[in-house]
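Have a look at the structure below before the remarks.
Number of protein chains: 2
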Amino acid sequence: MERNRTTLRLQDVATEAGVSIATASRSLSGAPGVSEAVAERVREVARQMGYVANVHARSLAAGTSRSVGLVVHEIGDPYFAEIATGVLRVGAREGLTVQICHTGRDSERELDQIRMLVANRVGAIVVAGSGFVDPALQAAAKSDLQAYRAAGGRVAVIGRHHLGVDAVLPDNVGGGRAVAEHLLDLGHRRMAIATGSRQLTTIVDRLAGVAEAFAGAGLDFSGVPVVEAEFTRAGGKLAAERILADHPEVTAVLALNDDMAIGILSVLRARGIRVPEQVSVAGFDDVTVAQDLAPSLTTVRLPMVDMGEQALELALRDPAVRPRRRVAGADLVVRDSTAPPPA
Amino acid sequence: MERNRTTLRLQDVATEAGVSIATASRSLSGAPGVSEAVAERVREVARQMGYVANVHARSLAAGTSRSVGLVVHEIGDPYFAEIATGVLRVGAREGLTVQICHTGRDSERELDQIRMLVANRVGAIVVAGSGFVDPALQAAAKSDLQAYRAAGGRVAVIGRHHLGVDAVLPDNVGGGRAVAEHLLDLGHRRMAIATGSRQLTTIVDRLAGVAEAFAGAGLDFSGVPVVEAEFTRAGGKLAAERILADHPEVTAVLALNDDMAIGILSVLRARGIRVPEQVSVAGFDDVTVAQDLAPSLTTVRLPMVDMGEQALELALRDPAVRPRRRVAGADLVVRDSTAPPPA
DNA sequence: AGAGTACCAGAAAGCGCTTACGAAAGCGCT
DNA sequence: AGCGCTTTCGTAAGCGCTTTCTGGTACTCT
Chain Y
0 MERNRTTLRL
10 QDVATEAGVS
20 IATASRSLSG
30 APGVSEAVAE
40 RVREVARQMG
50 YVANVHARSL
60 AAGTSRSVGL
70 VVHEIGDPYF
80 AEIATGVLRV
90 GAREGLTVQI
100 CHTGRDSERE
110 LDQIRMLVAN
120 RVGAIVVAGS
130 GFVDPALQAA
140 AKSDLQAYRA
150 AGGRVAVIGR
160 HHLGVDAVLP
170 DNVGGGRAVA
180 EHLLDLGHRR
190 MAIATGSRQL
200 TTIVDRLAGV
210 AEAFAGAGLD
220 FSGVPVVEAE
230 FTRAGGKLAA
240 ERILADHPEV
250 TAVLALNDDM
260 AIGILSVLRA
270 RGIRVPEQVS
280 VAGFDDVTVA
290 QDLAPSLTTV
300 RLPMVDMGEQ
310 ALELALRDPA
320 VRPRRRVAGA
330 DLVVRDSTAP
340 PPA
Chain U
0 MERNRTTLRL
10 QDVATEAGVS
20 IATASRSLSG
30 APGVSEAVAE
40 RVREVARQMG
50 YVANVHARSL
60 AAGTSRSVGL
70 VVHEIGDPYF
80 AEIATGVLRV
90 GAREGLTVQI
100 CHTGRDSERE
110 LDQIRMLVAN
120 RVGAIVVAGS
130 GFVDPALQAA
140 AKSDLQAYRA
150 AGGRVAVIGR
160 HHLGVDAVLP
170 DNVGGGRAVA
180 EHLLDLGHRR
190 MAIATGSRQL
200 TTIVDRLAGV
210 AEAFAGAGLD
220 FSGVPVVEAE
230 FTRAGGKLAA
240 ERILADHPEV
250 TAVLALNDDM
260 AIGILSVLRA
270 RGIRVPEQVS
280 VAGFDDVTVA
290 QDLAPSLTTV
300 RLPMVDMGEQ
310 ALELALRDPA
320 VRPRRRVAGA
330 DLVVRDSTAP
340 PPA
């Protein structure tokens with residue numbers, strides 16, 4: 000936006016209201032030290048004139064900014080879209096603007112985005128999405144975030160640990176255990192797992208839960224095929240095709256997120272394989288569309304919108320006691336896509 | 000973020016590099032007037048020290064800001080999530096941060112958000128989503144946006160007209176005509192329309208297209224039931240129930256967006272009504288999940304990601320020739336959810 | 001050789017706001 | 001009346017950067 004002499008300055012409303020610029024500033028920001036009568040008059044004049052403060056000047060002078068950053072892998076992914084919904088909701092409530100950054104599931108990009116947010120002096124940063132397992136990246140992200148906090152910034156992460164900051168952690172392990180147990184309880188003994196990159200902590204956790212379920216049932220997990228592909232619908236399709244080709248005997252496919260599960264459902268349908276009669280399919284996340292699919296998807300419910308809200312609230316709250324964690328439940332939701340294996 | 004004496008200032012870099020602050024500024028921003036050798040040295044020093052410029056100071060001094068705003072109804076809605084993907088993509092390419100604002104489909108909120116973005120001195124604003132038909136709101140939004148443009152701001156809107164600014168306009172009328180013709184061609188004569196609020200220009204256009212198709216076929220459109228509900232999956236379910244109750248004779252339901260169509264599909268399945276054998280269903284938008292539903296959804300493809308990209312590009316480009324429009328195609332995609340009516 | 005011409009770098013004036021700090025005024029008390 | 005206290009408001013000093021303007025070199029041209 001070009002410089003522009005026509006924009007109202009605080010000085011203009013101060014003059015108009017017959018007070019000093021300092022008084023005007025205090026009146027508008029609600030700071031103490033000005034009588035209510037004067038403050039109200041100034042506010043009224045400002046409203047009349049249509050004055051809006053320049054956030055840059057304000058942030059520069061005050062050293063604080065009324066905006067927060069949200070880092071997501073991919074906003075088109077319903078998982079992140081729902082988290083963003085939560086973050087935007089409390090942002091709106093608190094009068095904060097939120098900057099959304101894409102990582103495109105690229106760890107370098109993620110670091111860049113965090114640095115950009117720090118440069119932008121946002122008041123808080125919420126990092127959503129699974130972290131990268133790579134220790135070097137972990138360390139880099141951690142040190143950036145720590146420096147930011149040391150400089151007074153607020154941080155919260157969603158679904159990743161080891162970063163030494165406030166976190167809201169979905170119970171990925173418990174969720175993974177729950178779905179796997181469900182499938183096992185139904186009698187499935189030949190199943191395959193479709194997953195995204197195991198470089199992501201989220202996936203590591205979910206897999207760990209699945210392994211626990213096998214162990215708990217006294218079954219061997221090491222032989223279970225785990226097919227890795229993109230953590231998207233397209234990835235799900237690819238995984239489904241590989242599973243069908245390499246392990247045609249499976250009676251259940253457990254996808255580690257719903258998007259992949261949807262892709263899998265789509266491939267099975269195209270192949271004329273009936274779900275759940277011939278093959279059961281389960282997902283993870285409970286994106287809102289999961290219940291409206293045909294068949295509706297058995298999955299693990301993660302309260303994404305809540306998690307987004309909580310993360311920002313956590314970041315905003317007094318940073319005295321740190322780091323704090325909030326665990327979000329991960330409850331199994333049984334729907335129509337799972338059933339006992341064919342006899 | 001609290002004020003913080005430990006943050007590096009440009010002065011620090013300048014001192015370290017042995018130049019003046021002015022030279023340092025020019026070196027880092029790539030402005031002319033400094034020899035390449037010196038500039039490179041300054042950049043190197045800055046990198047070494049880990050200096051990042053304070054955007055607020057920069058924006059205040061330069062009067063321009065490296066950030067843009069995006070106004071959407073609801074980021075959880077896949078339509079908007081995909082548009083956001085496009086906007087974020089070109090934002091990242093151009094080194095711009097993007098602030099996303101929710102309107103929650105509330106016209107007052109929309110105005111507030113636009114004003115907030117203006118106050119934030121963002122470099123450009125992209126307003127996505129259908130506009131409100133209400134002339135007072137139209138006028139208010141229009142005047143705000145015009146004032147912003149007069150002050151040097153860049154604006155582009157997606158899918159709404161009459162705002163006198165750059166626009167990328169999906170061919171809602173043509174798309175509406177195309178799906179309706181498709182249904183008519185299949186032989187459907189008793190159909191119902193499920194739509195969101197007719198207060199939105201997008202919907203008005205889509206309906207107009209549908210009406211055109213009827214007129215073109217020499218059929219009467221006035222008697223066709225148009226059921227209005229929320230423009231969401233939940234709204235689709237509600238609409239479906241109303242249609243089933245009030246017009247059980249329909250052989251096709253045309254939803255004016257995919258989200259509603261998904262809700263409709265869900266209700267029909269729950270009622271044991273087979274799609275497309277008994278009832279055909281068509282949607283609008285072609286959200287990415289549409290092709291993976293069961294049955295896959297016949298719909299109108301809108302290039303949402305493209306539209307997002309184009310909108311920001313349009314806004315960013317030289318504002319000399321204004322306003323410009325870009326029309327995005329709206330092509331019928333026939334899939335499995337539509338078929339001739341039962342005999 | 002002297003003057004004109006680039007080119008480069010530094011000093012300094014802001015950008016519009018917040019916020020010490022201090023002045024002025026009103027109050028109750030001795 | 002005079003003292004100190006509180007409350008209210010104004011003056012002015014920045015916040016960290018960009019950018020104009022000016023001065024100083026190193027050239028080239030006549």
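So the sequences go chain by chain: Y and U. Residue numbers for the first sequence follow numbering that gives the first Met the number 0, so the first one is 0 and each next one is one higher. Residue numbers for the second sequence follow numbering that gives the first Met the number 0, so the first one is 0 and each next one is one higher. Glycine included, each C-beta is placed from N, C-alpha and C at the ideal position.
- In this chain, the alpha helix (DSSP H) harbouring histidine 55(Y) covers 54 to 61.
- Take the alpha-carbon of glutamine 309(Y) and the one of phenylalanine 213(Y): they are about 32 angstroms apart.
- Burial of serine 26(Y) is indicated by the presence of at least 16 other C-beta atoms within 10 angstroms of its C-beta.
- Cα atoms of arginine 57(Y) and valine 125(U): separation of roughly 24 angstroms, rounded to the nearest angstrom.
- Between the beta-carbon of valine 154(Y) and that of alanine 314(Y) there is about 6 angstroms, and that keeps the pair under the 8 angstroms contact cut.
- For isoleucine 272(Y), no CB of chain U lies under 7 angstroms from its own CB, so it is not counted at the interface with that chain.
- In the DSSP assignment, isoleucine 192(U) falls within the unbroken beta strand (DSSP E) covering 190 to 194.
- Excluding sequence positions up to five before and after alanine 327(Y), its CB lies within less than 8 angstroms of the CB of Val167, Leu168, Pro169, Asp170, Leu301, Pro302, Asp305, Met306 and Gln309, all in the same chain and listed in chain order.
- Against chain U, the beta carbon of glutamine 98(Y) has neighbours under 9 angstroms at Ser66, Thr96, Val97, Gln98 and Ile99, listed in chain order.
- For secondary structure counted as the alpha helix (DSSP H) over 4 or more consecutive residues, the segment 225 to 308 of chain Y holds these complete runs in sequence order: 232 to 245 and 257 to 269.
- According to the DSSP assignment, histidine 181(Y) belongs to no beta strand (DSSP E) but to the alpha helix (DSSP H) extending over 171 to 185.
- Under DSSP, threonine 96(Y) shares a beta bridge with Ser66(Y).
- Nearest in C-alpha terms to alanine 329(Y), of all of Ala338(Y), Ala244(Y), Arg176(Y) and Ala254(Y), is Arg176(Y).
- A contact is defined here as three or more CB-CB pairs under 8 angstroms, and the segment 111 to 130 of chain Y meets this definition with respect to the segment 54 to 69 of chain Y.
- Counting only the Cα atoms, glutamine 98(Y) lies some 12 angstroms from serine 64(Y).
- Straight-line measurement puts the Cα of leucine 218(Y) at about 54 angstroms from the Cα of leucine 185(U).
- Assignment of beta-bridge partners to valine 125(Y) by DSSP yields Leu69(Y) and Ala155(Y).
- The count of Cβ pairs closer than 8 angstroms, one atom from the segment 331 to 340 of chain U and one from the segment 103 to 114 of chain U, stays below three, leaving the stretches out of contact.
- The beta carbon of isoleucine 74(Y) sits closer than 7 angstroms to the beta carbons of Ala80, Ala83, Ile99 and His101 from its chain, once the five residues preceding and following it are set aside; these are given in chain order.
- Ranking Phe131(Y), Val223(Y), Val156(Y) and Ala61(Y) by CA distance to the CA of aspartate 105(Y) puts Phe131(Y) first.
- Secondary structure of phenylalanine 220(U) (DSSP, three-state): coil.
- Remark: C-beta atoms of leucine 311(U) and valine 54(U) do not approach each other more closely than 7 angstroms.
- Around the Cβ of serine 265(U), a 10 Å sphere holds 16 or more other Cβ atoms; the residue is buried.
- Using a CB distance below 8 angstroms, the part of the segment 266 to 293 of chain U facing chain Y consists of Arg268, Thr287, Val288, Gln290, Asp291, Leu292 and Ala293, ordered along the chain.
- Within the model, the alpha-carbon separation for alanine 293(U) versus proline 134(U) is close to 41 angstroms.
- Across the segment 69 to 92 of chain U, CB contacts with chain Y closer than 9 angstroms involve Leu69, Glu73, Ile74, Gly75, Asp76, Pro77, Phe79, Ala80, Glu81, Ala83, Thr84, Leu87, Arg88, Gly90 and Ala91, in sequence order along the chain.
- According to the DSSP secondary-structure assignment, leucine 331(U) is paired through a beta bridge with Val299(U).
- Distance from the Cα of histidine 181(Y) is smallest, within the candidate group Ser279(Y), Gln47(Y) and His160(Y), for Ser279(Y).
- Shortest Cα-Cα distance from isoleucine 157(U) to any of Arg148(U), Ala139(U), Thr200(U) and Ala179(U) involves Thr200(U).
- For proline 134(U), the enclosing alpha helix (DSSP H) stretches over residues 134 to 149.
- Using a Cβ distance threshold of 7 angstroms, asparagine 256(Y) and phenylalanine 283(Y) count as a contacting pair.
- Taking C-beta atoms as the reference points, alanine 21(Y) and arginine 40(Y) fail to come closer than 7 angstroms.
- Contact between alanine 238(Y) and isoleucine 202(Y) does not hold, since the beta-carbon distance rounds to 13 angstroms and is not under 8 angstroms.
- Within chain Y, no residue has its CB atom less than 9 angstroms from the CB of serine 26(U), the nearest being about 17 angstroms off.
- Counting only residues of its own chain and dropping the five nearest sequence neighbours on each side, aspartate 11(U) has a CB closer than 8 angstroms to the CB of Met48 and Tyr50.
- In terms of Cβ geometry, alanine 216(U) and leucine 162(U) do not form a close pair [threshold 7 angstroms].
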